[in-house]
Amino acid sequence: MDITHILDPLNEAQRQAVTSDAGNLLVLAGAGSGKTRVLVHRIAWLIATEGISPHSLLAVTFTNKAANEMRLRIEELLERPAGGMWVGTFHGLAHRLLRAHWKEAGLPEKFQILDADDQLRLVKRVHKSLDIDESRWSARQCQWFINEQKDEGLRSGSLESYGDEFTAVMLKVYAAYEQACERGGMVDFGELLLRSHELWLKSPALLGHYQQRFKHILVDEFQDTNAIQYAWLRVLAGGKAEVTAVGDDDQSIYGWRGARIENIQHFSRDFPGAETVRLEQNYRSTGNILKAANTLIANNEGRLGKELWTQDPEGEAISVYSAYNEQDEARFICSQIQGWIKDGNKANEAAILYRSNAQSRELEEALLRVGMPYRIYGGFRFYERQEIRNAMAYLRLVSSRDDDAAMERVINTPTRGIGNKTLESLRLLARQESLSLWRAASKAVTENLLPPRAMLNITAFMTLINELEEFARDKDLDELCDQAIQRSGLVKHYEKEGGEKAKIRKENLDELVSAAKVFTMEALDNDDESSITEVLAAFIDKAALDAGDTQAGAGEDAVQLMTLHSAKGLEFPTVFIAGLEEGLFPHQMSMDTQAGLEEERRLCYVGITRARQKLTLSHAESRRLHGEENLTRPSRFLSELPQNLLEEVRLQGRITRSTFFNDYAKNTYTGSEHGSIASSGDMADNESLNLGQRVRHPKFGEGIVLNYEGKGKNARVQINFDEVGGKWLVMSYARLEAI
DNA sequence: AGTCCCCCCATTTTT
DNA sequence: TGGGGGGACT
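Residue numbers for the first sequence, in the working numbering: 3 to 741.
As structure tokens, this is what we get:
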């Protein structure tokens with residue numbers, strides 16, 4: 003078989019990784035070093051030369067996007083479908099296992115997947131039924147606790163509170179939540195992994211079957227695996243399968259949600275005979291950007307070690323802008339992007355990255371002001387929208403009456419006179435008799451347990467669902483979907499609401515019908531035997547496991563705004579990282595432990611390595627946060643960069659500020675003007691000070707001018723001193739010296 | 001059932 | 001500063 007097309011496009015390190023025949027393999031893939039390429043080519047290599055059948059391969063990633071892309075590229079390279087191969091996310095694969103072996107796993111055949119929103123609702127209900135003080139322990143907190151434990155592979159039964167009140171309350175909720183899930187046949191995200199892991203442990207025959215099957219396991223983004231995922235992998239591999247782990251310890255930024263950087267750090271210990279290959283040649287960024295990244299990350303301890311390099315030129319210096327405040331910062335970035343576009347580049351080649359979402363508003367406003375199109379990543383995705391979730395809940399009920407989460411959601415949405423009181427008695431009945439809500443409702447109606455009015459309304463609702471199912475029998479999924487949103491009254495409900503918002507909701511519902519159509523056609527392509535019931539069930543699972551990354555306006559030519567976390571895996575010709583200030587980045591809540599600080603540093607490393615040609619960093623001397631003005635210090639990360647590669651950006655020229663209190667922030671920024679303290683000659687030493695200018699004070703040392711008020715002899719200036727922080731000084735006494 | 005108001009809170013996010 | 005959620009009121 004001709005294998006040149008597999009090896010030719012690779013560099014030496016990549017080739018070594020692709021062709022490695024050590025039992026296990028760790029590929030330390032630096033940013034922009036061709037990680038996915040290695041993964042894909044290694045798979046092709048195994049199939050082409052080692053005679054491994056796609057059937058014995060399992061490749062696992064974290065996001066659906068990554069999984070889809072991998073499958074696509076494998077098929078492209080192999081020039082045939084890789085059907086027998088298991089490619090998917092951890093959750094997707096675990097789900098597949100549980101669907102196949104639901105009985106052994108102790109689940110009902112039609113178990114439902116709870117997504118984050120369903121989960122929170124359930125926790126809230128559990129919370130209420132246990133009469134827990136909402137003001138002391140929030141449902142969110144409980145949800146977080148439960149997920150944290152599941153990520154660690156721990157059930158309520160295997161935990162102890164040791165007299166700690168918090169833990170005791172959390173465990174009580176956790177245990178009741180587990181029971182509720184059990185009763186309703188519901189499985190949350192963590193449970194998918196936990197349950198399939200347990201399934202293997204308790205059925206050695208089943209485990210043996212999969213161990214027999216999968217000769218090679220390939221894992222992407224290994225540094226992001228959490229405890230349960232790692233355990234899952236180790237059990238499956240069982241010392242027999244060959245494991246290829248690809249990842250970058252320097253890009254581990256999800257420790258806060260259970261990812262364990264130790265998993266990649268200890269790979270060679272836990273997977274004996276592992277070969278380690280480093281991919282250090284970078285095909286993305288300029289030399290200077292890489293040097294900055296390398297220097298920064300060298301401050302972390304316990305790294306596996308890696309140094310990025312490129313054959314490309316040094317490129318431009320890294321710009322650093324010290325803004326007066328967050329508005330100035332936003333205007334600066336905005337004007338730089340305008341300049342970038344004027345130079346013939348496109349808006350979507352520019353990205354603005356920030357540590358926390360709250361920072362986006364100021365940037366948005368600045369972009370809006372100059373009419374620059376922008377797009378914010380993150381936020382609600384398709385299947386997370388309220389109207390879509392409501393419509394899906396009807397479909398879920400059609401598919402499975404026992405889906406309590408769905409029933410709770412839409413039994414009275416839109417309102418049909420089934421109030422809280424009715425619902426409460428149904429819940430009670432359900433709990434007492436260990437029934438699903440639907441069955442409880444059914445019982446209540448047949449046995450006349452409720453006021454006639456309530457029973458009438460419930461009957462109408464149940465009839466609606468039954469009729470929808472009836473209707474679906476000889477129809478396609480999209481037709482069912484359309485009927486569901488019409489007959490449930492959802493469409494009317496949103497129409498009645500009126501306004502722009504409702505219009506968008508209506509459009510989304512239409513979009514759902516189209517999505518159902520596409521899904522049906524794909525299902526028919528793959529397997530023309532599937533009945534509508536099966537297609538419907540598959541559609542519901544897809545909606546739960548894949549929130550739908552199709553972001554509105556994805557293809558638009560707009561400036562890209564996102565958090566540093568969501569920038570991982572992406573790249574842009576020009577990148578701005580805003581808000582490099584102590585307390586913001588590194589964030590206050592993560593800077594007092596070394597582990598926290600190092601993760602922040604890795605986050606910064608991720609940000610820097612997103613840039614291809616040009617990197618611009620900025621910080622503000624003063625930032626409004628939670629409604630109050632705070633003086634800030636530049637981030638330590640700025641001082642950890644090689645100073646010779648940095649170029650401080652100062653805006654040339656100046657405008658003379660009105661001697662009245664003309665708030666600088668309100669001045670229109672043109673990019674060439676600069677706020678300045680009036681130099682109308684009435685200052686003590688007849689010397690003008692500019693906002694943003696560095697000055698020296700005999701006692702306080704050096705600092706930067708932030709603001710002033712008053713004029714003449716009485717003028718007071720605010721200076722942010724490097725050593726002692728912010729101070730207001732009277733001009734005529736301060737003996738300030740401009741630097 | 002729906003609206004309004006007040007209080008509280010405030011990284012990062014995928015499945 | 002502002003958004004979200006919960007409670008109270010109409």
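Quick reminder that beta carbons are idealized off the backbone N, C-alpha and C, glycines included. Keep in mind that this is a model prediction, so the values were computed, not measured.
Give me, in chain order, the residues of the same chain whose beta-carbon lies closer than 7 angstroms to that of Ser158; leave out the 5 immediate sequence neighbours on both sides. Excluding five sequence positions before and after Ser158, the CB atoms of its chain that fall closer than 7 angstroms to its own CB belong to Leu173, Tyr176, Ala177 and Glu180, given in chain order.
Compare the C-alpha of Ala408 against each of Tyr735, Ala546 and Tyr356 and name the closest. Ala546
DSSP on Gln695, reduced to helix/strand/coil? Look at Gln695 here: in three-state DSSP terms it is coil, with no helix or strand label.
Beta-bridge partners of Pro636, as assigned by DSSP: Beta-bridge pairing links Pro636 to Glu583.
Could you please give me the residues that DSSP links to Asn228 through a beta bridge? DSSP, once it has assigned bridges, lists Ala261 as partnering Asn228.
With distances taken from CA atoms, which of Ala456, Val40, Glu167 and Leu9 is nearest Ala247? Val40
Which residue from Asp314, Lys701, Met394 and Asn327 puts its Cα closest to that of Arg614? Taking the Cα of Arg614 as reference, the smallest distance to any Cα among Asp314, Lys701, Met394 and Asn327 is reached at Asp314.
Considering Cα atoms alone, identify which of Val189, Glu303 and Gln143 is closest to Asp120. Val189
Check this for me: beta carbons of Glu154 and Ala229, under 8 angstroms apart or not? yes
Would you kindly work out how many angstroms separate the C-alpha atoms of Tyr256 and Asp226, rounded to a whole number? When only Cα atoms are considered, Tyr256 and Asp226 end up about 6 angstroms apart.
Taking Cβ positions, are Leu238 and Val221 nearer each other than 8 angstroms? It is not a contact, given that the beta carbons lie outside the stated cut-off.
Exposed unless 16 or more other CB atoms sit within 10 angstroms - verdict on Ser674: Here Ser674 scores only 32 on pLDDT, less than 50, and its place in the model should not be relied on; the value that follows carries that caveat. Exposed is the call here.
According to the Cβ coordinates, are Val651 and Ser337 closer than 8 angstroms? no
Applying the 10 Å Cβ sphere with the 16-neighbour rule, what's the burial state of Asp687? Summary for Asp687: the model assigns pLDDT 37, below 50, so the residue's position carries little reliability; its value from the coordinates is reported in the next sentence. The residue is exposed, with fewer than 16 neighbouring Cβ atoms inside 10 Å.
Look at the alpha carbon of Gly581 and the alpha carbon of Glu642, and state the distance between them as a whole number of angstroms. 16 angstroms
Are the beta-carbon atoms belonging to Gly728 and Gln720 less than 8 angstroms from one another? yes
Does DSSP put Asn13 in a helix, in a strand, or in coil? Here Asn13 carries a coil assignment [DSSP, helix/strand/coil].
When you compare the stretch 47–63 with the stretch 81–91, are there three or more beta-carbon pairs, one atom per stretch, that lie closer than 8 angstroms? yes
Using only CA atoms, which one of Arg286, Glu584, Pro83 and Leu80 lies nearest to Asp724? Among Arg286, Glu584, Pro83 and Leu80, the Cα nearest to that of Asp724 belongs to Glu584.
Alpha carbons only, please: which of Ile579, Glu316, Tyr212 and Leu428 is nearest the one belonging to Pro636? Ile579
Helix, strand or coil for Lys126, going by three-state DSSP, please let me know. helix
Residues sharing a beta bridge with Gly491, DSSP: Beta-bridge pairing links Gly491 to no other residue.
Does DSSP put Glu739 in a helix, a strand or coil? In the structure shown, the three-state DSSP call for Glu739 is strand.
Please go through the same chain and pick out, in chain order, the residues whose beta-carbon is closer than 7 angstroms to the beta-carbon of Asp405, but skip the five residues on each side of it. Gln114, Arg398 and Leu399
From Asp10 to Asn70, what distance separates their C-alpha atoms? 24 angstroms
C-beta atoms of Ala622 and Asn327 nearer than 8 angstroms: yes
Have a look at Phe541 and Thr535 and give me their C-alpha separation to the nearest angstrom. 10 angstroms
Report the CB separation of Gly260 from Glu150 in whole angstroms; it is logged as a contact under 8 angstroms. 7 angstroms
What's the call for His628, buried or exposed, on a 16-neighbour Cβ count within 10 Å? Answer is exposed; the Cβ neighbour count stays below 16.
Distance check for Ser401 and Ala539, CA to CA, integer angstroms please. Approximately 7 angstroms between the Cα atoms of the pair.
Where Pro206 falls: helix, strand or coil (DSSP): helix
Per DSSP, what are the beta-bridge partners of Tyr164 in this structure? DSSP, once it has assigned bridges, lists no residue as partnering Tyr164.
In the DSSP assignment, what residue or residues form a beta bridge with Gly341? Paired residues: none, contrary to the question.
DSSP beta-bridge partners for Met188? Gln114
Looking at Arg507 and Ala569, is the spacing between their C-beta atoms short of 8 angstroms? no
Apart from the five residues on each side of it in sequence, which residues of its chain come closer than 7 angstroms, Cβ to Cβ, to Ala233? Cβ-Cβ distances below 7 angstroms link Ala233 to Gly155 and His199 in the same chain, with the five nearest sequence neighbours on each side left out; the list follows chain order.
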